[in-house]
Every structure is written in structure tokens, then in C-alpha cells.
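Have a look at the structure below before the remarks.
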Amino acid sequence: MAFRAFAISKNTGISAATLVVLLILAALWAVLSRAEYGSGLGPAEWSAIHFTVVQAALSAGISTLLAVPVARALARRRFTGRGLLVTLLGAPFILPVIVAVLGLLTVFGRAGWLNMALAGVNLPTISIYGLHGVVLAHVFFNLPLATRLLLQAWQTLPAERFRLAAQLDLTPHAVFQSIEWPMLRQILPGTAALIFVMCLTSFAVALTLGGGPRATTIELAIYQAFRFDFDLSRAALLSLVQLVLAGSAAFLALWIIPSVSMGGGQDRARQRWDARGGVQRLMDGIAITIGALFLLLPFGAIITQGLAGLMVTPASVWQSAVTSVGVALCSVAVLLMLALPMAGWIATAKRGSVEAIGLFGIAASPLMVGTGWFILIHPITDPVLFALPVTALVNALMALPFVLRILVPPLRDTVQVYGRLSQALSLQGWPFWRWVVFPRLRPQIGFAMGLTGALSMGDLGVIALFADQDHTTLPLQMYRLMGSYQMEAAAGAALILLALSLGIFWIFDKAGRGHAQA
Amino acid sequence: MLKLEQVLITQGTFSVRADMSIEAQKKYAVIGPSGAGKSTLLGALCGFIPITEGRLTWQGRDITDDAPGARPMTMLFQDNNLFPHLSILQNVGLGLRRDMRLTASEKADVERALSRVGLGDMADRKPGSLSGGQQSRAALARVLVQARPLVLLDEPFAALGPALRTEMLDLVQELVTETNASLIMVTHDPKDVARIADEVIFVAGGIAHAPQPAKALMENPPAELRSYLG
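For the protein sequence lines, the chains are A and B, in the order given.
If you read the first sequence in this note's numbering, its first letter stands for residue 1, the second for the next number, and so on.
If you read the second sequence in this note's numbering, its first letter stands for residue 1, the second for the next number, and so on.
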């Protein structure tokens, strides 16, 4: 029993959480009202379900397994540029999907660098389209994420254990078995589950690299039913399938997903006394090199192709860039209004159940929410008018689970350490936020704003449902350029989008850290 | 006068009973074995730990359920008495205005309090750049501007060296005299008792005994207290 537990923003927090749930439930209700169950699930739907699960499982498995050698190498080697590389591992998370796809196409595509190299030595070329393309892109996004999570876990291992291992002169195998494997056994399932859940609702990757009856995710099938056939009942039915699938997976994963820390502290390598052998050195070197190349080559491709493409970038790209910045800033504003009171409420409430509300955002796919709101708005007015507001709102909702995971732990600490003093000084409500929470959580709030801004800037999801020629964001404009084979202009747009996404992240994150102190 | 009427303080499975009066402008030392409930007693007076039976009154008014900030007292904890991200001026200013909109005269009050504790030139510094003793002085400056009728100290100077601690206790003594406040301080050191306290509250065996004159008690301690003092 807590005595007058120090509660901050309980009412506003509950209101914000209720609003989030209502926004999603309203969409769900709209979807349910239009779905026709009579027809049931046809072969096309089953094939989409099958593909969705298979690609997500493969993406999760491959990303997690490949991350083990890379994270281990990074955990026990020190070299120039290590800090930079670890920082760059965070980049794919905020990289617009469509930009990454273009980068991957440049490296692995039909006339890409890899195929040119293969053709040069008379080997058969590879195709990036289909299942392996989708998985490749997902691994590109999630291998760095998995590596960071594992690296984080590696660094929680006490140095004393490695010292002991060195003293006993354990073999590398024994070190792995006695120290590293127990840690991996704890962290690997959660990491894989997180990636699996995120890949279940993959849309933009499937849109660009998948497609066709054999490589369509449910999310993509919703879009196609909606956009090409304007078959609302089929879109609604698929949305329902998506909700059940992603929702149950997210619910199961909730208990094993590790906390995602994006902060610093990962750039220091532990002093290690083992693993000095030449073979281990070589293996680590290879793991780091391949990992870095896999990460850096597509980035390099975007920049080199983009610089050339800037010359032929049409004016429409710049217009949509302005729109995208506006949408991203709106998302950030909406996010703050929802996340801050919710975090305040969650941080002072009892642990557990309320955090699940944040996860609601992951389970509800963006296209389901978009479809639902389209159905709601359609009878009243032209949904195109609401393309940008709905996009901004849905993007904020999608960032919410991540942001809550970033804000709640430090807020909980702040309340724990300074709650008593604040209470003694009657610092409650706004003064508490103004004088205690904002200064203490400034870095995390800045990071969360940057993350949301970048995610929203690069999002290609809901906007694709609603938009027409006049209401378009930069990622959609870029996709249209790619669709009409204006690859140079698309590359230019990609570079602009990359700069805007990383830029908005950098500005907010920097502002948060600006006066970091104490 | 602060009255604890048949009070039972409960924290989990641990509880402390108390029935006593705290007189105006007197200085009380709370002594007793570790884990006996000294901090629990102060926490309950301040409103951080529930009083499950009995009531707490101030000048005849029931304050058992008042929020910590609404009580006629100010407390210094063992640590975290200052916000590390705020300047010393802001930290002390929070004692006057929780929205920090200090008027010119309030700001002058804060600066006067800082000069009083010897931190006149430190107003714009952050706590992190101050020594332990200076941080204690800053917290005391806030006690001074708050000017509440009761000042509670839960060993805030425990981390300081002996000489510095004596210096702080002398400063506390001066400040409570200036503001006509009563002082209730937890201590482990019989010398502190001799130096400051008018009365002693001995806490042991789940009971906070009513205050007794310090000099007489320390010269002729009952068995329980004698075994604690060693």
C-alpha cells in the first residue's frame, strides 16, 4: 500500500491513454462494420498470412543469429572508429525505409554493384525481388538493432567474470559456455521476438521489393485491396487478420522483449583478457568488416547516386519535402501531448499492465488504423483532405510504444529520487514538470522527439492510402518516381529525405543534450 | 505545539508507536539503535509514511492527512536535498515560490539567506560544483527562507567530516533561533545531544518515548538507553 503515492499527471495520463485506445478502437469498429465474414479467407489471404509469418520469422532468425558474432566482436575489440560504428548501428532505425530500399537496390539490384561484380567474374546474377529481397531488407534494418541490443547485454556482464576466466585460462569454448551463453539465452528470444513483431507489419519493404501473389504481406494486401480494387470489405477483413496476428504476437512478446536503450555508454569496450588468439582476432575482424560493409555500402550508394540525382530533381519533390517536414513536426507535437502525460502516469502507477497500452500501437497496424479512419471519414467528406492530419496522427501513435519505453524508466527514477523533496516543497502539477521533469529528462525527451520526427518524416504507410497528387509526402513522391523509373530523380529525392530524417533527429537530439549536466 | 496523539506509524510489517508533544522553539534530539524507527518517525511527521492510528495535530488542527508540502515543517533528508539541474538560487527559491516566479523582494530574500549561510557568491552555481559542506549550507538556506515553525533533520550531515558537521549543527542552531522554529534532529552521537538538544526522544523496541530533558537523561540513562549508548 502506497501512502498518498506521488502521482503525476494521473488524470491527463489516463485521458491521453483513453484517447489513444479510442482512436484505435474507432478505427477497429469501422473496420469491423465493413468486413464481410461470409466470404471468409480465400487462397490469396492465406498466402498473404503465410508469407507474412515466414518472412518475419526468417528476418528475425537471421538478424538475431548474425548479430551474435558482430556484437561479440564489438564487445571485445577496440579499434579506431568503433564508437562511430556503434553510433551508426542506430541509424537504420531512423532511416526512411524507401531510402534504404533504394540503397539496397543500388548495391544488390538487377544492375547493382554486386551483380556487376558477379558478372565481371562470370557468375550468375542474383535477383533482389521476392522473399529473399524482403528478408534482406529486413535484416539490413534489424541486424544493427539486434547487434545493439546484444552489445548492451554483453556490456552488462561483470568484468570480474572475464578476469576469472582469464585466470583459469579457460578455452574460448568454455568462456562462451560459462559466461556468454547464459546471457545470450536470456536476451536472444526477446530480441528475435521484437524483430518478428516489427516485421509482421512491414509494408514499405514488401511494397517495393515484394509484391505479386507469392510475396505479399498482409499489410501490402490491405493496401492493394484498398487502392487498386477499392474493396473496403476485403481491406477490412485483412485488417482484422493483421490485428489478430500482430496483436497476439505482440502480446506474447511483451513478456520477453528487452528494454531498448538507445542512449550512450555503449562506446566503451571492456578490458578483456581472453580471446587473444590469432584465429579469434581474425574471426572478429571478419565479423566487424562484413557487418560494417553491409551497413555502410547502401548508405554510400544513397549518397553517391543522390548527389548526381539532385540535378534532375523536379520541383514537386521540394514541395513534398516541405509537406513532409510539416507532417513530421505535427507528429512530434501530437506525440508529446500523448506520451508525456502517459509516461507520467505510468511512471508513478504500479508496474506492468498499463505499459501494455503503449504496445497497442505496435499491434494495431498503421494501415488498419488508416483504413478504419478512411471508412469513418468517407461518408462525411473527402478523405483526401484528411490525408496529412491522419498521417501525422498515425505516425505519432506508431512511435508511442518506443517513446514510452524511452521515457518511463528515467521518469520513474526521477520520481523515486526527487519525489520526496518535490512533495516537501509542494512541487506538483505544472511546476513539477517545469522544474524537475523537463530538466531531468531533457536528453530523453529530445531523443524521443528526434526519433518520432525521423520516423514520421520517412514513413510510407497511411499516406499511400489517402494521398492524391496534391497531398503527398516526400517518401510517397519518391516511391512514385521509382514507380515511373525516374531512378535518378528518385535518388535525388532519397538524398533529400535522408538528410531531412537524419537532420530532424539530430536537431532534436542535440537540443536535448545541448546543456546536459549533472 | 505539535501533538502526536496515540499515533501508530506503519511501514510494511514494521511499526512505531508515539504519544508526545513537541513544544515551540525547543530543540529535540531523536536517538536510538539503528532500525529502531527514528527515520520512520520523522517520515511520518512529514507525511511520507502513513499514520495508521491516532492523529497528528498542529495548534489544535488535525494535520494527519495533510500533504507533505502543506505541513508546518521543513525537512532535510539524508541525501537528495537539492535538485542537481537547478542553480543554488533556484533551489533555494523553490522554498518560497514553487513556480519559481520570484518577485524582486523574494529574490532579495533568497540572496540574503544565501549570504547568511556564507554562499553569497555561489547563487548561480549548480550543486554539483559545490563541496559537500556548501551543499548542506544551500539546503539550510532554503530552510531559512521557508521559515516553517518546525525543522526536521534526518541526519543530512552524516556524510560530512566531524569538524564540518559541528559547524553545520551550530549554523542550524542559529537558524532555528532566528526563525523561532522548533528543531527535531536524528543523531547517533551523544555529543550532538549535549551540544544542541533541550530534550531527547529515545526510540527503541517499536516505541518513540516521550521527550525528556536532555541533560538529566544523558547523565542518568535508563537501562535500555544505557545499553544503546554503550
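From the three backbone atoms N, C-alpha and C, an ideal C-beta is built for every residue, glycine too.
is_contact[residue i, chain A] using C-beta, thresh 7 angstroms
| i | result |
| --- | --- |
| D66/B | no |
| N91/B | no |
| M75/B | yes |
| R148/B | no |
| R125/B | no |
| D99/B | yes |
| G54/B | no |
| N80/B | yes |
| T10/B | no |
| H188/B | no |
| H85/B | yes |
| L45/B | no |
| L96/B | no |
| G69/B | yes |
Proximity test, Cβ basis, 7 angstroms: residue i and chain B
| i | result |
| --- | --- |
| S63/A | no |
| T414/A | no |
| P431/A | yes |
| A553/A | Residue 553/A lies beyond the range of chain A shown here (1 to 518); nothing can be said about it. |
| V332/A | no |
| V417/A | yes |
| S426/A | yes |
| L84/A | no |
| Q319/A | no |
| L421/A | yes |
| P439/A | yes |
Residue i to residue j span [Cα, whole Å]
| i | j | result |
| --- | --- | --- |
| G263/A | V7/B | With a pLDDT of 43 at G263/A, under the threshold of 50, the predicted position of this residue should be treated as unreliable, though the coordinate-derived value follows. Computed Cα separation, rounded: 47 angstroms. |
| F14/B | S39/B | 12 angstroms |
| L58/A | T64/A | 10 angstroms |
| E231/B | T166/B | For residue 231/B there is no data in the structure shown, the boundaries of chain B being 1 and 230. |
| G133/B | P84/B | 15 angstroms |
| L502/A | Q146/B | 48 angstroms |
| L45/B | L89/B | 28 angstroms |
| V68/A | H50/A | 28 angstroms |
| A467/A | L367/A | 13 angstroms |
| T216/A | L238/A | 12 angstroms |
| D267/A | L465/A | In this prediction, D267/A has a pLDDT of 43, which is less than 50 and means its spatial position is unreliable; what the coordinates show is noted afterwards. Spanning the two alpha carbons is a distance of roughly 41 angstroms. |
| A139/B | R226/B | 34 angstroms |
| P43/A | Y37/A | 15 angstroms |
| A81/B | V176/B | One point to set straight first is that residue 81/B is Asn, not Ala, in the sequence displayed. If I take the Cα positions, the gap works out to 18 angstroms. |
| E178/B | R112/B | 13 angstroms |
| R434/A | L335/A | 18 angstroms |
Contact check, residue i vs residue j, beta carbons under 7 angstroms
| i | j | result |
| --- | --- | --- |
| L500/A | M457/A | yes |
| G35/B | S426/A | no |
| V110/B | G93/B | yes |
| I24/A | A364/A | yes |
| A153/A | I187/A | yes |
| V322/A | A489/A | no |
| R98/B | P341/A | no |
| V186/B | E224/B | no |
| F176/A | A56/A | no |
| A181/B | V203/B | no |
| G95/B | R142/B | yes |
Proximity to residue i [Cα-Cα], best of the options
| i | options | result |
| --- | --- | --- |
| I324/A | V20/A, A26/A, T473/A | Just to set this straight, residue 324/A is Ser in the shown sequence, not Ile. For the residues V20/A, A26/A, T473/A, the minimum Cα distance to S324/A belongs to T473/A. |
| V332/A | F203/A, V197/A, T452/A | T452/A |
| T208/A | I8/A, P96/A, V54/A, A153/A | P96/A |
| H173/A | G429/A, V415/A, Q280/A, V54/A | Q280/A |
| A343/A | D470/A, L245/A, R412/A | R412/A |
| L385/A | V70/A, P341/A, G306/A, D470/A | D470/A |
| G300/A | V107/A, R77/A, A48/A | V107/A |
| A588/A | I463/A, A30/A, A493/A | A query on residue 588/A cannot be resolved here, the shown segment of chain A reaching from 1 to 518 and no further. |
| A491/A | G103/A, A119/A, T391/A, A250/A | G103/A |
| I496/A | P379/A, D509/A, V54/A, Q477/A | Q477/A |
| R440/A | Q428/A, Y418/A, L455/A, V53/A | Y418/A |
| G130/A | R110/A, G512/A, G212/A | G212/A |
| P50/B | L144/B, D66/B, G230/B, L114/B | D66/B |
| L393/A | R405/A, G461/A, I380/A, Y223/A | G461/A |
Run through the region 4 to 34 of chain B for me and flag every whole beta strand (DSSP E) of 3 or more residues, listed as ranges in chain order. 14 to 22, 27 to 31
Go through the region 279 to 318 of chain A residue by residue and report every complete run of the beta strand (DSSP E) that reaches 3 residues or more, in order. none
Beta strand (DSSP E) runs contained entirely in the region 109 to 197 of chain B, provided each spans 3 or more residues: Segments of the beta strand (DSSP E) lying fully in the region 109 to 197 of chain B: 150 to 154, 182 to 186.
In chain order, each beta strand (DSSP E) run of at least 3 residues that lies wholly inside the region 357 to 402 of chain A: none
Counting only runs of 4+ residues fully inside the region 61 to 125 of chain A, write out the alpha helix (DSSP H) ranges in chain order. Within the region 61 to 125 of chain A, the complete alpha helix (DSSP H) runs of at least 4 residues fall at 82 to 88, 91 to 94, 97 to 108, 113 to 120.
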